[in-house]
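Worksheet for the structure shown next.
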Amino acid sequence: LQLNNDLWHALDNNELRLFYQPKYCAPRGPILGFEALLRWEHPARGLLTPDHFLPMAEKTGMIVSIGNWVINEACRQLRQWHLQGHPHWSVAVNLSSLQFEQSNLVETVTEALAKHEIPPELLTLEVTETTAMRDPDESVRILTELTKLGVKASIDDFGTGYSSLLYLKRLPASELKIDRAFVNELQHHSEDATIVSAIVALAQSLQLKVVAEGVETAEQQAFLTGLGCNTLQGYLLGKPIPPERISELDNFVG
Ligand code: G
Ligand code: G
Ligand code: MN
Ligand code: NA
């Protein structure tokens, strides 16, 4: 597989990029921060989204070095924003399950925070519900170590996995992200509206922030805001874009 070979060189050749998608305080601002989303600027194939190469990177274990690069690059960008007058913006990075289970993750995060002089609470680590619930006791242990550094943990794609509510309560996460599949069908399927309401209520009762992803319509925006969902993310408010374009966003204050 050629793409597999190429990926080994992508890091060294500086072909990986982070795009950033804004997270807005509901309903439409201010901007609270960004989720970093990986892209590969392939010399022959053009811009590739993670679905083209992450499964392979997971299988080969390359995801660990790539993931470490992502953490560092996101912290470097956060420092830039800081210097450009956005001291309150946060950045969220996605962790793959293999990376989450690496024993040196704490060290990688510690070093990145120190190198770029980042206030730890401005870095959020997103772990999917499925990853977090695979070995719940171990996840509690890992997330406890990580959050001791001061960084935040977020449970991504929430609603698609099988959470034990008991473990959810024990996880030192500060945020749930409602999977976009539920948000997507909010207007058309009353079950999805019910599920979203239940997740928001659950988050509130566990004192977690709740982010809705995949917000594409004004109706979804209004419904989610009405439920008390704090943070909205989705194409309606902003697509993932390279950092040089974020000044084009609505409610950009800079
Ligand atoms: O925009 P999007 O196509 O970027 O992302 C597709 C999927 O890839 C999402 O599930 C997202 O969480 C995942 N993803 C994006 N960037 C990263 C990354 O840096 N690391 C990991 N592990 N997953 C990522
Ligand atoms: O799994 P995770 O939630 O990290 O993945 C985020 C993925 O969702 C990325 O692929 C991102 O590009 C995509 N995304 C973000 N906002 C929207 C949206 O409003 N609609 C759709 N269809 N996808 C979105
Ligand atoms: Mn995510
Ligand atoms: Na998600």
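Oh and the sequence shown: position 175 is 175 in this note's numbering, straight run, nothing missing. Idealized CB from N, CA, C, for every residue including glycine. Everything numeric in this text was worked out from a predicted model, so none of it was measured.
{"Check": "Same chain, Cβ closer than 8 angstroms to residue 75, five either side skipped, listed in chain order", "Outcome": "91, 112, 113, 115, 116, 118 and 123"}
{"Check": "Cβ-heavy atom distance, residue 137 to ligand 3, below 7 angstroms", "Outcome": "no"}
{"Check": "Test: residue 133 CB closer than 8 angstroms to a CB of chain B", "Outcome": "Although the question refers to chain B, the structure presented lacks it and comprises just one protein chain."}
{"Check": "C-alpha distance - residue 137 paired with residue 131, whole-angstrom precision", "Outcome": "12 angstroms"}
{"Check": "Residue 24: CB within 7 angstroms of a non-hydrogen atom of ligand 2", "Outcome": "no"}
{"Check": "Cβ-Cβ distance between residue 20 and residue 36 below 8 angstroms", "Outcome": "yes"}
{"Check": "Any heavy atom of ligand 1 nearer than 5 angstroms to the CB - residues listed", "Outcome": "37, 38, 49, 50, 70, 94 and 96"}
{"Check": "Residue 145, DSSP secondary structure in three states", "Outcome": "helix"}
{"Check": "Local Cβ density within 10 Å of residue 144, reported as buried at 16 or more and exposed below that", "Outcome": "exposed"}
{"Check": "For residue 73 and residue 103, the rounded distance between their alpha carbons", "Outcome": "20 angstroms"}
{"Check": "First and last residue of the uninterrupted alpha helix (DSSP H) at residue 235", "Outcome": "No alpha helix (DSSP H) contains residue 235, which DSSP labels as neither H nor E."}
{"Check": "Inter-residue Cα distance where the pair is residue 148 and residue 110", "Outcome": "11 angstroms"}
{"Check": "Ligand 3 heavy atom lying under 7 angstroms from the CB of residue 35", "Outcome": "yes"}
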